[in-house]
Amino acid sequence: MTRLSEYLLPTLKQAPADAEAISHKLMVRAGLVRQMGAGMWTWLPAGWRVHQKVVAIVREEIDAIGGREMLMPVLQPADPWRKTGRLQIEELFKLEDRKGAELVLAMTHEEAVTFHAAQTIDSYRDLPLILYHFQVKERDEPRPRAGVLRTREFVMKDSYSFDRDQAGLEERYALHVGAYDRIMLRTGLRFYRVESDVGMMGGLGAHEYMAPCPAGEDEIVLGEGYAANVEVARGDSRVQCVADGDGRERWTRDGQALALEPAIEIGNIFKLGTRYSEPLGATYLDEHGAELPIWMGSYGIGPARVVAAAVEQFADEDGISWPVALAPFAVHLVALGRAGTPERDAAELLYAKLNEGGVEAIYDDRDAGVGEKFADADLLGCPLRLTVGRRSLESGEIEVHLRRTREQTGGLPLSADAPTLAKAVDELCQSLP
RNA sequence: CGGGGAGUGGCGCAGUCUGGUAGCGCACCCGGCUGGGGGCCGGGCGGUCGCAGGUUCAAAUCCUGUCUCCCCGACCA
Numbered sequence: 084m085t086r087l088s089e090y091l092l093p094t095l096k097q098a099p100a101d102a103e104a105i106s107h108k109l110m111v112r113a114g115l116v117r118q119m120g121a122g123m124w125t126w127l128p129a130g131w132r133v134h135q136k137v138v139a140i141v142r143e144e145i146d147a148i149g150g151r152e153m154l155m156p157v158l159q160p161a162d163p164w165r166k167t168g169r170l171q172i173e174e175l176f177k178l179e180d181r182k183g184a185e186l187v188l189a190m191t192h193e194e195a196v197t198f199h200a201a202q203t204i205d206s207y208r209d210l211p212l213i214l215y216h217f218q219v220k221e222r223d224e225p226r227p228r229a230g231v232l233r234t235r236e237f238v239m240k241d242s243y244s245f246d247r248d249q250a251g252l253e254e255r256y257a258l259h260v261g262a263y264d265r266i267m268l269r270t271g272l273r274f275y276r277v278e279s280d281v282g283m284m285g286g287l288g289a290h291e292y293m294a295p296c297p298a299g300e301d302e303i304v305l306g307e308g309y310a311a312n313v314e315v316a317r318g319d320s321r322v323q324c325v326a327d328g329d330g331r332e333r334w335t336r337d338g339q340a341l342a343l344e345p346a347i348e349i350g351n352i353f354k355l356g357t358r359y360s361e362p363l364g365a366t367y368l369d370e371h372g373a374e375l376p377i378w379m380g381s382y383g384i385g386p387a388r389v390v391a392a393a394v395e396q397f398a399d400e401d402g403i404s405w406p407v408a409l410a411p412f413a414v415h416l417v418a419l420g421r422a423g424t425p426e427r428d429a430a431e432l433l434y435a436k437l438n439e440g441g442v443e444a445i446y447d448d449r450d451a452g453v454g455e456k457f458a459d460a461d462l463l464g465c466p467l468r469l470t471v472g473r474r475s476l477e478s479g480e481i482e483v484h485l486r487r488t489r490e491q492t493g494g495l496p497l498s499a500d501a502p503t504l505a506k507a508v509d510e511l512c513q514s515l516p
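Adding 83 to a residue's 1-based position in the first sequence gives its number in the working numbering.
Written out as structure tokens, the structure reads:
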């Protein structure tokens, strides 16, 4: 039951002056998030619903490949970080407790999960295994930016795979590629899976999931059947990059023109190998009693970035236009007329029926003008807007407006019962991107 | 970390150059009208001007220090 009159949706006519990125402006204007400090953001009720939509999709797909959800702490002893050599990373928050013991705020959870793997995995019989959690990450970013896109604290789904050898790791990695592909497809985002630099993480391979959008921090190179991040493309012998007269770069692959697009990284997957299991002593005994290091993989996805990328990709001049899978509500019901009027009574009845039918709806029952209500509905960006006013009473129909296309579809009968309404809404949603 | 910009009511801004005790729009509260795209009229509430120190009879305004935030770049395990 979500009546706007009893909700917290602080929409704004003007964006904060210091906001630059589309997602930053719109997410604040639509009442989804508010800032507390540099790189520190609060998710307000409607924004958190969207975030949780992403979380639910991710959870389903990681569960489907056999992931086991758990929860590890953010506050951790410094020791494992010292052992893996990551204690001196500048982005790592370090602190002491009252006794002077060294602690860190985890920026990711390889140390923690490997620490526990060392404790609890003893035999080849315990493998393979996929563990994951949704947990806050803390990073002392030199420069947080663009609203929720680059923050110092954010929730991440990170999963970790454990195998007895490299072949097993390849299998677990392939399972994650499949899960990540399905996750991204389900969100409705436009995305690319690109090979990425393995950097200092070890040379076994990595991919990034990139969502093209104007606020993107990275650049990807795109062609027919080809997508790579810039670093990888530069190392590809078939790819050529020449500067033209204006100092701009022209990319080609086998002579075919490639496009350069800004994108944000919404997920990444790494083959870690024994990078963490060796220093932390995560080993198992094989059939012959030999002690061997566990082969690991690490797989991250940032729901907040998925949300921001969706805003960036589908926004228009009036506000957000969510993909159905991420929308805070499927339906934004607008009631016209004051409380006590017949049209308002009809809206109330419709709202009750939507709830009864299990439709996720936000109901604008405020005593506000039409313009304000429609403007807020456009801003918030729910895929379907249903309007009940005098016209509805005359025609006997609820007006249906599609946010993405601004299409006014044939009305639904006001007299429809709850199951019929739910079915109609569901069918409409399925026809939408 | 380098470069640039900004801190005045919840949001957007003016006032600072040329010191005289804070103003506008929106939002909010009350009353009335209106009711299909941020509507209208009237009446209100709310800010020791980021913080600290200094100069002065007097500081949002001048001086010094400091904190915070934003943008570009570097960075981004």
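In this text, a Cβ means the ideal position worked out from N, Cα and C, and glycines have one as well.
Since the structure is predicted, the reported quantities are computational estimates derived from the model, not experimental observations.
DSSP bridge partner residues for leucine 158 (one or two, in chain order): Leu188
Within 8 Å, strictly: CB atoms of glycine 380 and asparagine 351: no
Other residues of its chain near histidine 484: CB distance less than 6 Å, five sequence neighbours each side excluded: Arg468 and Gln491
Option nearest glutamate 314 by Cα separation, candidates Ala289, Arg235, Phe412 and Asp327: Ala289
Stretch-stretch touch, CB-based, cutoff 8 Å, three pairs: the region 340 to 349 with the region 292 to 302: yes
CB contact flag (valine 414, valine 453, <8 Å): no
Check whether proline 163 and phenylalanine 198 have beta carbons under 8 Å apart: yes
Option nearest leucine 497 by Cα separation, candidates Val116, Arg489 and Leu416: Leu416
Sheet register partners of leucine 341 (DSSP bridge): Trp334
8 Å contact criterion, which alanine 184 and leucine 170 should meet: CB distance rounded: Actually they do not touch by this definition, with Cβ atoms about 14 Å apart.
When Tyr434, Cys465 and Pro425 are compared against glutamate 477, the one with the closest alpha-carbon: Pro425
Inter-residue CB distance, cysteine 465 and alanine 410 (contact presumed, cutoff 8 Å): 5 Å
Given histidine 192 as reference, the closest of Ala102, Thr94 and Phe217 once Cα atoms are compared: Phe217
Euclidean distance between Cα positions of glutamate 480 and arginine 474: 8 Å
The region 111 to 124 touching the region 144 to 158, judged by at least three CB pairs closer than 8 Å: no
Proximity to glycine 230 [Cα-Cα], best of Ala499, Met119 and Tyr367: Met119
Range of the contiguous beta strand (DSSP E) that encloses methionine 379: 378 to 384
Contact set for threonine 357: own chain, Cβ-Cβ below 8 Å, skip 5 residues either direction: Pro376, Ile377, Trp378 and Met379
Buried/exposed call for leucine 154, threshold 16 Cβ in 10 Å: exposed
Nonlocal neighbours in the same chain, by C-beta distance under 8 Å from arginine 269, ignoring five residues either side: Ile140, Glu144 and Ala408
Secondary structure of lysine 220, DSSP reduced to three states: strand
Cysteine 324, DSSP secondary structure in three states: strand
Lysine 436 beta carbon less than 8 Å from that of alanine 501: yes
Cβ distance (whole Å) where tyrosine 215 is taken to contact glutamate 152 below 8 Å: 6 Å
Glycine 420 in three-state terms, based on DSSP: coil
Through-space distance from alanine 104 to histidine 259, alpha-carbon basis: 31 Å
As assigned by DSSP and simplified to three states, the class of methionine 84: coil
Whole-Å CB distance - arginine 487 paired with serine 88, under 8 Å assumed: About 27 Å separates the two Cβ atoms, so there is no contact after all.
Distance between glycine 130 and serine 279 (C-alpha atoms, nearest Å): 31 Å
Closest by C-alpha distance to alanine 418, when choosing among Ile445, Ile204 and Pro225: Ile445
Residue from Leu511, Gly402, Tyr434 and Gln396 whose Cα sits closest to the Cα of phenylalanine 457: Gly402
Buried versus exposed, by CB contacts within 10 Å (16 or more), proline 516: exposed
CA-to-CA distance, asparagine 312 to glutamate 302, given in whole angstroms: 6 Å
Span of the beta strand (DSSP E) around tyrosine 446: 444 to 447
Reduced DSSP category for proline 425 - H, G, I as helix; E, B as strand; rest coil: helix
Cutoff 7 Å; reference alanine 505; Cβ partners in own chain excluding five residues on either side: Gly440, Gly441 and Val442
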